[in-house]
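Residue numbers (UniProt numbering): 1 to 332.
Beta carbons: idealized from backbone N, C-alpha and C, even for Gly.
The model shown is predicted, which means the values in this text are computed figures rather than measured ones.
Data first, discussion second: the structure below is written as structure tokens.
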Amino acid sequence: MNNVLITGGTGSFGNALVKRLFTLNEVPSRIVIYSRDELKQYEMRQRFPADKYPQLRFFIGDVRDGERLTRAMEGVDTVVHAAALKQVPTAEYNPFECIQTNVMGAQNVITAALQQNVHKVVALSTDKACAPINLYGATKLCSDKLFIAANNIKGPRSITFSVVRYGNVMGSRGSVIPFFLERRNSGTLPITDPRMTRFNILLSEGVDLVLTALKKSLGGELFVPKIPSYRITDVAKAIGPDCTQEIVGIRAGEKLHEEMITAIDSLQTLETDDHFIIVPSHPHLGLTSQINSFAEFHEAQLVPEGFSYRSDENAQWLTIDDIRNLIETQTF
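If you want it as structure tokens, here you go:
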């Protein structure tokens with residue numbers, strides 16, 4: 001990675017990735033932060049001042065603007081696409097705005113990367129793209145399909161497109177943990193449904209997965225990490241052990257449990273020690289040969305037919321003490 005561009009680079013993931021890039025043995029010579037919010041760019045400059053981090057460049061731009069993206073990618077060899085509209089209620093109320101950013105924006109990233117001869121592109125997905133029941137999830141599924149299929153139209157270019165999919169980032173903006181931390185002094189914590197479970201991933205683990213995809217991908221893989229689950233009631237007990245849990249009902253567009261790999265996906269899903277890989281289908285190659293070549297490259301095994309990866313059926317679970325200890329080590 002000589003020159004890196006991060007769309008939506010001022011978000012929590014972008015900040016964590018930039019911090020990690022500066023710890024590598026070979027720090028990229030240029031890191032372009034591409035985002036549309038000038039205030040967030042100003043705040044990020046304070047965290048990474050120019051005198052200590054001269055490799056950083058800040059580009060104001062929207063992924064909806066293909067021409068601006070193309071200009072920003074001049075000389076770039078690695079792209080991490082993290083920009084998206086992510087709030088489920090906002091997407092339901094403003095559907096086409098979400099489509100323009102998450103779907104049309106994804107295609108703009110692909111087109112610009114092809115035009116500028118980028119070598120590696122990794123796009124961030126979400127568990128909500130797996131069997132989606134809301135518009136946000138549907139747009140991210142479309143985005144995933146676009147990036148995976150982009151490998152079919154690269155021609156002779158030396159470029160690969162891959163996707164990483166993971167669940168809730170612990171403590172991310174709008175998530176349940178900072179919400180509970182804010183509400184615990186009230187004595188009551190609202191619970192949508194006491195049966196609800198979620199996957200949990202640390203921001204640093206999300207960065208690890210992206211770096212893995214950048215380092216080792218043939219093109220077209222969808223990487224899913226092996227991460228633990230938690231029960232929403234256990235999160236409430238960890239944060240407010242003396243609080244009353246008020247059942248408020250599940251929200252529109254919300255799943256009771258998260259799913260990242262469906263049983264249908266099992267026919268083309270490989271397993272390694274640390275993650276799963278959904279192998280892309282190819283219009284001119286048989287699935288068996290595809291699976292064999294990816295399995296050999298990644299030293300992976302095909303999962304059993306009918307396998308699914310759901311937060312309520314997970315083999316790894318966080319206890320109340322685990323959750324409490326993790327919260328103490330994170331910054332919210």
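query	result
Candidates 51, 21, 33 and 321, of which the one nearest residue 241 by Cα	321
Span of the beta strand (DSSP E) around residue 225	222-225
Proximity of residue 253 and residue 193 at Cβ, strictly below 9 Å	no
Minimum C-alpha distance to residue 226 - residue among 196, 217 and 209	209
Counted within 10 angstroms of its Cβ, other Cβ atoms place residue 315 as buried (16 or more) or exposed	exposed
Uninterrupted beta strand (DSSP E) stretches inside the stretch 136-181 (no shorter than 3 residues)	160-164
Beta-carbon proximity of residue 222 to residue 110, cut-off 9 Å	no
For residue 152 and residue 77, believed in contact at Cβ under 8 Å, the rounded distance	Not a contact, Cβ separation roughly 21 Å.
Buried versus exposed call for residue 185 [16 or more other C-beta atoms within 10 Å across all chains shown]	exposed
First and last residue of the uninterrupted beta strand (DSSP E) at residue 59	56-60
Cα-Cα separation, residue 285 to residue 74	33 Å
Per-residue DSSP class, three states only, for residue 183	helix
Outcome for residue 271 when other beta-carbon atoms lying within 10 angstroms are tallied against a minimum of 16	buried
Residue 34 - partner residues in DSSP beta bridges	7 and 59
Those runs of the beta strand (DSSP E) which lie wholly inside the stretch 237-271 and span at least 3 residues	244-247, 259-261 and 269-271
Residue 34 and residue 56 closer than 9 Å at C-beta	no
Spatial distance of residue 188 from residue 244 (CA atoms)	5 Å
DSSP state of residue 316 mapped onto helix, strand, coil	coil
Rounded separation between residue 282 and residue 220 - CA only	10 Å
Boundaries of the beta strand (DSSP E) in which residue 81 is found, first to last residue	78-81
C-beta contact flag for residue 143 and residue 102 at 9 Å	yes
Sheet register partners of residue 358 (DSSP bridge)	A question about residue 358 goes unanswered here, because the residues of the chain that appear run from 1 up to 332.
Through-space distance from residue 260 to residue 218, alpha-carbon basis	21 Å
Beta-carbon proximity of residue 258 to residue 167, cut-off 9 Å	yes
Reduced DSSP category for residue 235 - H, G, I as helix; E, B as strand; rest coil	helix
Start and end residues, beta strand (DSSP E) containing residue 120	120-124
Nearest candidate by alpha-carbon position, reference residue 128, set 141, 206 and 236	141
Per-residue DSSP class, three states only, for residue 111	helix
Bridge partner(s) assigned by DSSP for residue 276	224 and 271
Where residue 309 falls, given that 16 or more other Cβ within 10 Å makes a residue buried	buried
Proximity test, Cβ basis, 9 Å: residue 79 and chain C	No chain C is part of this structure, which consists of one protein chain only.
Closest residue to residue 40 among 14, 54, 29 and 30 (Cα-Cα distance)	14
Anticipated Cβ contact below 8 Å, residue 288 with residue 278, distance rounded	Rounded, the Cβ-Cβ distance is 16 Å, inconsistent with contact.
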